[in-house]
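So the sequence lines, in the order shown, correspond to chains A and B.
Take any residue in the first sequence, count from 1 to its spot, add 7: that is its number in my numbering.
Take any residue in the second sequence, count from 1 to its spot, add 166: that is its number in my numbering.
No residue lacks a Cβ here, since even glycine has one placed at the ideal position from N, Cα and C.
None of the values given here were measured: they were computed from a predicted structure.
Heads up: the structure comes next, in structure tokens.
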Amino acid sequence: MSNTPATSVQRPQVDHRVRGDLGKGDATGGYGFWGFLFCDMVVFTGFFITAIYERGQDPTVFAHGNAELSMTFGVVNTVLLLSASLFVALAVQSIRQARTHAGRWLLAAAGVCGTAFTVNKGFEWSAKVSAGRTPQDDFFFQLYYVLTGFHLAHVIVGVVVLCFQWHRAGRIKPVPTDTDPARLERMRTDQRLVESGANYWHLVDLLWLVLFALFYLI
Amino acid sequence: MSAFDTDRRTGDGVHVAMVPIVGAWVTLMALTLLGWWLGRYDGLGTGRWLTAVILIVTFIKVFLVGYIFMDLRHTPRPILLAFASGCFVVCMVLIALANIL
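See below:
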């Protein structure tokens with residue numbers, strides 16, 4: 008028989024957020040940041056309703072405008088943003104599991120996709136302008152340039168945020184024996200910033216999915 | 167042991183966590199191809215039904231991005247409910263406007 012005393016083993020306190028095992032009731036990115044994301048979604052919802060309303064007012068102009076847009080550009084841009092979102096989501100998981108190096112490579116890949124989206128959008132716009140399709144032409148192209156331009160501004164901000172995330176992720180260097188509370192708290196803060204930036208990027212992605220449907224598909 | 171130790175209870179945790187993310191991306195790609203095909207297809211009769219189907223496919227994609235990529239499955243229920251109901255309401259409003267006007 009064992010003489011071990013019947014005392015329970017003390018498990019170390021582990022931050023579920025940092026370890027990658029999000030506890031129930033934990034808001035990824037924080038409630039405040041989700042409030043900001045919802046506000047942005049509400050603004051874009053107004054744009055979506057405006058676009059579909061104007062389409063109903065002048066279906067012929069919108070049908071002609073839709074036919075003139077290049078589906079190839081639209082699909083390539085969708086694939087680029089969805090792939091960027093994949094890389095960002097994988098980066099967050101990697102960083103949560105203390106695989107910082109892999110996470111930074113994934114963030115860099117997402118940045119390349121975002122930059123490629125911006126360049127591709129530039130090619131698409133220049134092709135349209137060369138063909139004489141400017142915002143002054145009709146209300147379809149006015150909405151097209153304004154809404155995709157506003158979204159493009161979000162993409163550019165998103166790429167800058169990805170660079171910031173890449174920098175902050177580099178500061179997360181976990182050491183198994185590290186118990187310095189200040190250092191651990193700084194790394195937790197850096198991880199929260201990476202998570203919030205990731206959700207901003209996903210917002211940019213989902214807004215494009217609706218714009219793609221409104222301007223290219225219907 | 168620090169707070170940054172990798173969780174080993176589920177084996178290689180990072181790979182377990184990545185399976186739904188890659189699965190969501192494959193599904194999103196498939197739905198994008200479906201939307202592309204629907205957008206080019208002009209033989210379904212009334213364009214209004216086609217518009218409704220394309221918008222529903224689009225908002226399924228939007229929900230998938232939120233649920234898997236934005237990790238809404240792990241956030242508090244009110245945020246998930248707000249996002250899901252927002253997707254549903256906006257999709258229905260856009261379908262209604264596309265059909266009424």
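- Look at the segment 50-63 of chain A: the residues with a C-beta under 8 angstroms from a C-beta of chain B are T52, F55, I56, I59, Y60, R62 and G63.
- With respect to chain B, the C-beta atom of N127 (chain A) has no partner C-beta closer than 9 angstroms.
- In this chain, the alpha helix (DSSP H) harbouring T57 (chain A) covers Y38 to Q64.
- When 7 angstroms is used as the limit between beta carbons, D212 (chain A) is near these residues of chain B: V231, in chain order.
- Judged by pairs of C-beta atoms under 8 angstroms, the segment 50-63 of chain A does not touch the segment 169-177 of chain A, as fewer than three such pairs exist.
- In the three-state DSSP reduction, A220 (chain A) falls in the helix class (H, G or I).
- Chain order gives the chain A residues near T224 (chain B) as L216, V217 and A220, where near means a beta carbon separation below 7 angstroms.
- Nearest neighbour of A176 (chain A) by Cα position, chosen from A:H108, A:L76, A:S133 and A:V166, turns out to be A:H108.
- Within the segment 189-202 of chain B, the residues whose Cβ lies closer than 7 angstroms to some Cβ of chain A are W191, L194, M195, T198, G201 and W202, listed in chain order.
- The alpha-carbon of G121 (chain A) is positioned some 19 angstroms away from that of A190 (chain B).
- A Cβ of chain A is located within less than 9 angstroms of the beta carbon of F235 (chain B).
- Annotated as distal: L224 (chain A) and M48 (chain A), with beta-carbon spacing of 9 angstroms or more.
- Contact check for L93 (chain A) and I187 (chain B): beta-carbon distance about 7 angstroms, within the 8 angstroms limit, so the pair qualifies.
- Exclusion of the five residues before and after V99 (chain A) leaves V201, E202 and A205 as the residues of its chain whose Cβ lies within less than 7 angstroms of its Cβ.
- In this structure, N84 (chain A) and F222 (chain A) do not form a Cβ contact; the two beta carbons are roughly 11 angstroms apart against a cut-off of 8 angstroms.
- At a C-beta separation below 9 angstroms, A264 (chain B) has these neighbours in chain A: I59, R62, G63 and I225.
- Unbroken alpha helix (DSSP H) stretches of 4 residues or longer found wholly inside the segment 104-168 of chain A: 107-137, given in chain order.
- Listed in chain order, the positions of the segment 76-93 of chain A with a beta carbon within less than 9 angstroms of a beta carbon of chain B are M78, G81, V82, T85, V86, L89, S90, S92 and L93.
- For E75 (chain A), the CB contacts under 8 angstroms within the same chain, skipping 5 residues up- and downstream, are K135, A138 and R140 in chain order.
- Shown here, L76 (chain A) sits in coil according to DSSP, grouped into three states, outside any helix or strand.
- If the five residues before and after A91 (chain A) are omitted, its C-beta is found closer than 6 angstroms to the C-beta atoms of A117, C120 and G121, all from its own chain and listed in chain order.
- A115 (chain A) does not reach chain B, its nearest Cβ partner there being about 18 angstroms away, counting only Cβ pairs nearer than 7 angstroms.
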